[in-house]
Structures are given as structure tokens and as C-alpha cells.
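Peer 1: So that we are looking at the same thing, I have put the structure below in C-alpha cells.
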Amino acid sequence: MAYMSEEGYKKLMAELKHLETVERPKISAAIAEARDKGDLSENAEYDAAKEAQGMLEMKINNLKLTIADAKIIDESKLKTDSVQILNKVELKNVKNGMKMVYTIVSESEANLKEGKISVNTPIAQGLLGKKVGDVAEIKVPQGVINLEVVNISF
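Positions 1 to 154 (full-length UniProt numbering) are the ones given, in order, by the sequence shown.
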């Protein structure tokens, strides 16, 4: 089951619609054009178009599976007394005092540039259930970091 926000769900639906209504016809046209060029056994364009079609269909199927398993979280029932999915968490590295802010989201909504980390990451796993003032000891590839929860919001 993939928990996600309504915004994330709508994004996935829009991407699926785009792939099915725009990208799929483009690839079909590319295959037809390559087929018209003659001998398919030595036609690199045809092979490339068929490969692209296979990749697109795989992406469409993966999106459909994610959407089918999606459980939209009712944001009105979320609390900020402890860290949970869809919370924005302000953290402070205990060792160097560096502050950071992450929003914990589903795997499909994760985007580090936007400060959204997957609930499956070691940092998010270490933070779940923590309260303001708690220090989470998180194992990362470089060792162990201690992050203090400074604030929890939406």
C-alpha cells in the first residue's frame, strides 16, 4: 500500500493521462514511420521505437500499480504531536548545529530538491514517532547522525 497526499495522487493521475494520450500515440507514429522504411530486420529506427514503446508501457503499468495501491491520507486527521507521514519536520544536527527541514512523503512523491523525503528513507524511519525535543539516532552510510526534532508542522 502506498500512502500519499491528494496532491501526489492527482500528479500521478495527470502523468498517467499524459503518457497514455500523448506519449503512446507519438511512439505508435514513430513505429509506423520506421515500418514504412522497409526491411524490419535491419531497421535500427524500428528497433529503437519498439524499445521505447516497451519502456513506455512498463512505465504506464508501474504507474497504474502505484495508483491502484494508493491510499490517500486525510490531511485533516493528521497531528503534529509526533512525526508522521506528510509532516514537515524541522531538524537540527546535534553535532554541528546545522538546521534542515524535510517533509515526509510517500515513495512516489519524494523529491529532495523540494525537501520531500520518502517515508522509507533511513532518516524518515528514524524520525517517525519522535516528538519535539527528541533526538533521533540515525544510521547513514557515513556512520550515525543525531538529529533533534525542533518543530513539527504541515
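All C-beta atoms in this analysis are idealised placements derived from N, C-alpha and C, irrespective of residue type, glycine included.
Please read these numbers as outputs of a predicted model, since none were measured by experiment.
So what does I104 bridge to, in DSSP terms?
Peer 2: Its beta-bridge partners are I117.
Peer 1: Compare the Cα-Cα distances from L63 to each of G8, D36 and V150 and report the closest residue.
Peer 2: Ranking G8, D36 and V150 by Cα distance to L63 puts G8 first.
Peer 1: Looking at K95 and I145, is the spacing between their C-beta atoms short of 9 Å?
Peer 2: It is a contact, given that the beta carbons lie within the stated cut-off.
Peer 1: Which partner residues does I138 have in the DSSP bridge list?
Peer 2: BP columns for I138 point to I145.
Peer 1: Would you call the CB atoms of A110 and T121 closer than 9 Å?
Peer 2: Closer than 9 Å, so yes.
Peer 1: Got a sec: does the ligand SAH put a non-hydrogen atom nearer than 8 Å to the Cβ of D134?
Peer 2: No copy of the ligand SAH occurs in the structure displayed, which carries no ligand at all.
Peer 1: Taking 8 Å as the threshold, find out whether the region 82-93 comes into contact with the region 126-136 through three or more Cβ pairs.
Peer 2: At 8 Å Cβ cutoff, the stretches touch.
Peer 1: Taking the straight line between their C-alpha atoms, what separation do you get for M55 and E148?
Peer 2: Each residue's alpha carbon lies about 43 Å from the other.
Peer 1: So, helix, strand or coil for K130, using DSSP?
Peer 2: The answer is coil: DSSP assigns K130 none of H, G, I, E or B.
Peer 1: Taking DSSP as the reference, what is the three-state secondary structure of V83?
Peer 2: V83 falls in the coil class under three-state DSSP.
Peer 1: My output table needs one value for A2: the three-state DSSP class, helix, strand or coil.
Peer 2: A2: strand per DSSP, three-state reduction.
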